[in-house]
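Here's the structure we're looking at; comments come further down.
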Amino acid sequence: MRAVLDIVIIVLDLYVWLLIASAILSWLIAFNVVNTRNQFVSAVAEFLYRITEPLLAPIRNFLPSLGGLDISPIILILLIMFIERVILYYVYPNVI
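For what it's worth, this note's numbering labels the leading residue of the sequence shown as 722, then goes sequentially.
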């Protein structure tokens, strides 16, 4: 059972890195550092959008409009960190 919890922690950590990559790539696209007409950039952006948007959209719907500032990735990262801590401190020690 601990192996399953270890895999869950690894998947959550990987998702945090995907959220960070998605935020950085969106900044690079917004400031015209990278060109979305490039097929590789377009494919990476589409992948990151499809993987992160299902969890970010409900948070964006819940938050009030802050203009051009999107803090939904930060809130999701904090939520994931909370889930990881609950698993590590409360669930993991009680599993044999």
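Think of the CB as a built atom: it goes at the ideal place given N, C-alpha and C, for glycine as much as any other residue.
These figures come from a predicted structure and were not determined experimentally.
| query | In angstroms, rounded to a whole number, what distance separates the CA positions of Arg-723 and Ile-730? | reply | Near 10 Å, if we compare the C-alpha coordinates of Ile-730 and Arg-723.
| message | I'd like to know whether the C-beta atoms of Leu-735 and Val-812 end up nearer to each other than 8 Å. | response | Contact flag unset, no.
| On the three-state DSSP scale, how would you describe Phe-768? | It is helical.
| query | What are the boundary residues of the alpha helix (DSSP H) that includes Val-732? | reply | Unbroken alpha helix (DSSP H) run through Val-732: 723-751.
| query | When DSSP labels each residue in this structure, what does Pro-785 get in the three-state scheme? | reply | Coil.
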